[in-house]
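Report on one structure; see the data block that follows.
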Amino acid sequence: MSTPYDTCALCPRLCRHACPVATVWEPGAPSAIAEVLRDGALGRVDASLAQLAALACTDCGACQEACAIDRPVPELLRKFVPKVEVPTQLPPIAGTASEVAVCSGDRRWAEAFAAQTGRAVASWTPPANWHETDSKTFGELFSGRTAIVADGEDARALRGAGVVVVWLGDALGWVTEASCSSGRPALACCGGRGPLRDAHPEPAAALAQLWWARSGGQTLADARCRRALGRQDVVDQLLAGT
Ligand code: SF4
Ligand code: SF4
């Protein structure tokens with residue numbers, strides 16, 4: 016019986032050099048993942064193991080680009096990635112100030128920002144997976160306002176919806192933060208993000224560190240990348256100072 020993963024599973028890892036995950040973690044090489052998925056499709060291994068293998072990917076597409084026969088690896092892997100629950104509606108922005116603190120995750124830093132800067136700031140606390148909702152919805156929500164962000168995925172989603180985005184560190188005047196990995200093309204991502212970061216934190220952190228070292232410290236990165244690198248991020252500094 017054949018499966019869509021056979022070609023990659025039997026390939027002598029010809030795209031391995033292109034895969035960022037494989038540079039730090041051999042089980043994350045595209046053909047290694049395909050071997051597990053093939054076994055999963057044939058019922059030889061548990062579906063949860065196949066899912067874990069599929070989550071070793073950052074969805075960058077480098078393997079497909081390097082492949083001489085254009086195998087659509089990211090698309091094939093996505094079939095095993097669990098569907099996220101997308102919120103049906105987004106909460107309103109609290110406050111009327113033109114600057115809006117986007118406090119995703121579990122840290123609420125709008126008040127600390129207002130205290131630190133003496134500026135009025137509105138706040139928005141979005142639910143998990145809000146990036147997956149229709150970008151028109153959150154584009155309209157922020158219409159005419161500036162989003163202050165501390166998270167790369169937030170920055171990417173809001174920029175994609177045409178919202179003006181400012182990094183928290185820049186808004187505080189503390190640091191000039193480099194553009195987040197997630198705000199740049201996926202291929203330029205350090206890999207310490209997305210499903211890989213959530214399902215396999217150790218190789219994700221190793222990848223973030225490698226990317227950081229290779230860039231000579233110039234490509235940092237969002238709050239979570241800072242955490243992956245073991246560095247204090249701007250939100251932590253802000254909250255610690257109040
Ligand atoms: S994407 Fe192409 S090069 Fe990479 S494992 Fe599959 S068949 Fe081989
Ligand atoms: S899409 Fe990127 S991270 Fe995923 S297997 Fe291919 S090269 Fe590796």
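If you count by this note's numbering, then the sequence shown holds residues 16 to 257, one letter each, in order. Even glycine gets a Cβ: it sits at the ideal position worked out from N, Cα and C.
Q: Tell me, please, whether the region 63-75 touches the region 33-50 by the rule of three or more beta-carbon pairs shorter than 8 Å.
A: Touching, yes, given that three or more Cβ pairs across the two stretches are closer than 8 Å.
Q) Which partner residues of Val115 appear in the DSSP bridge assignment? A) Position 100 of the sequence shown, counted from the first residue, corresponds to residue 115. Its beta-bridge partners are Ala137, Ala162.
Q) Can we count Ala49 as close to ligand 1, meaning its CB is less than 7 Å from some heavy atom? A) The count along the sequence shown starts at 1 and reaches residue 49 at position 34. For ligand 1, at least one heavy atom lies less than 7 Å from the Cβ of Ala49.
Q.
For Ser119, count the other beta carbons within 10 Å of its own beta carbon; 16 or more makes it buried, fewer makes it exposed. Which is it?
A. Taking the first residue of the sequence shown as 1, we reach residue 119 at position 104. Taking all protein chains shown into account, Ser119 has 16 or more neighbouring C-beta atoms within 10 Å of its C-beta and is therefore buried.
Q) From Val164 to Ala223, what does the alpha carbon distance come to, in whole angstroms? A) Counted from its first residue, the sequence shown places residue 164 at position 149. Counted from its first residue, the sequence shown places residue 223 at position 208. Going from the Cα of Val164 to the Cα of Ala223 covers about 20 Å.
Q. Whose beta carbon lies closer than 7 Å to any heavy atom of ligand 1, going through the chain in order?
A. In chain order, the hits are Thr22, Cys23, Cys26, Arg28, Leu29, Cys30, Pro45, Ser46, Ala49, Cys78, Gln79, Ala81, Cys82, Ala83, Ile84, Arg86, Val88.
Q: State the DSSP-derived secondary structure class of Val179, mapped to helix, strand or coil.
A: In the sequence shown, residue 179 corresponds to position 164, counting from 1. If DSSP states are grouped into helix, strand and coil, Val179 belongs with the strands.
Q. Between Val88 and Cys23, is the Cβ-Cβ spacing less than 8 Å?
A. Taking the sequence shown and counting its residues from 1, one reaches residue 88 at position 73. Taking the sequence shown and counting its residues from 1, one reaches residue 23 at position 8. Against a cut-off of 8 Å, the Cβ pair of Cys23 and Val88 comes out as a contact.
Q) Per DSSP, what kind of secondary structure is Ala109 in: helix, strand or coil? A) As a working mapping, residue 109 is identified with position 94 in the sequence shown. Ala109: strand per DSSP, three-state reduction.
Q | Candidates His32, Glu155, Leu211, of which the one nearest Leu14 by Cα | A | The structure shown does not extend to residue 14, since the chain is modelled only from 16 to 257, so the question has no answer here.
Q | Presumed contact (8 Å Cβ cut-off) between Gly52 and Tyr20, rounded CB distance | A | In the sequence shown, counting from the first residue as 1, residue 52 sits at position 37. In the sequence shown, counting from the first residue as 1, residue 20 sits at position 5. Per the sequence shown, the amino acid found at residue 52 is Leu instead of Gly. With 8 Å as the limit, Leu52 and Tyr20 qualify as a contact, their Cβ atoms being about 4 Å apart.
Q: Measuring alpha carbon to alpha carbon, tell me which of Thr18, Glu41, Pro45 ends up nearest Leu29.
A: As a first step, residue 29 is located in the sequence shown; it is residue number 14 there, counting from the start. For Leu29, the closest C-alpha among the options Thr18, Glu41, Pro45 is that of Pro45.
Q. By DSSP, does Ala24 sit in helix, in strand, or in coil?
A. Looking up residue 24 in the sequence shown gives position 9. It is helical.
Q: Please indicate yes or no: does the CB of Pro35 lie closer than 7 Å to some heavy atom of ligand 2?
A: Locating residue 35 in the sequence shown gives position 20, counting from the first residue. Yes, the Cβ of Pro35 comes within 7 Å of a heavy atom of ligand 2.
(Q) Cutting at 8 Å between CB atoms, please list the residues of its own chain near Arg123, excluding the five before and the five after it. (A) The sequence position of residue 123 within the sequence shown is 108, counting from 1. Excluding sequence positions up to five before and after Arg123, its CB lies within less than 8 Å of the CB of Ser138, Thr140, all in the same chain and listed in chain order.
Q: Have a look at Ser158 and Ala129 and give me their C-alpha separation to the nearest angstrom.
A: Counted from its first residue, the sequence shown places residue 158 at position 143. Counted from its first residue, the sequence shown places residue 129 at position 114. The alpha-carbon atoms of Ser158 and Ala129 are separated by roughly 21 Å.
Q | Closest residue to Ala77 among Trp182, His32, Ala255, Val60 (Cα-Cα distance) | A | Counted from its first residue, the sequence shown places residue 77 at position 62. Measuring from the Cα of Ala77, the nearest candidate turns out to be His32.
Q) Considering Arg260, what are the terminal residues of the alpha helix (DSSP H) in which it resides? A) With the chain represented from 16 up to 257, any question about residue 260 goes unanswered, as that position is not in the structure.
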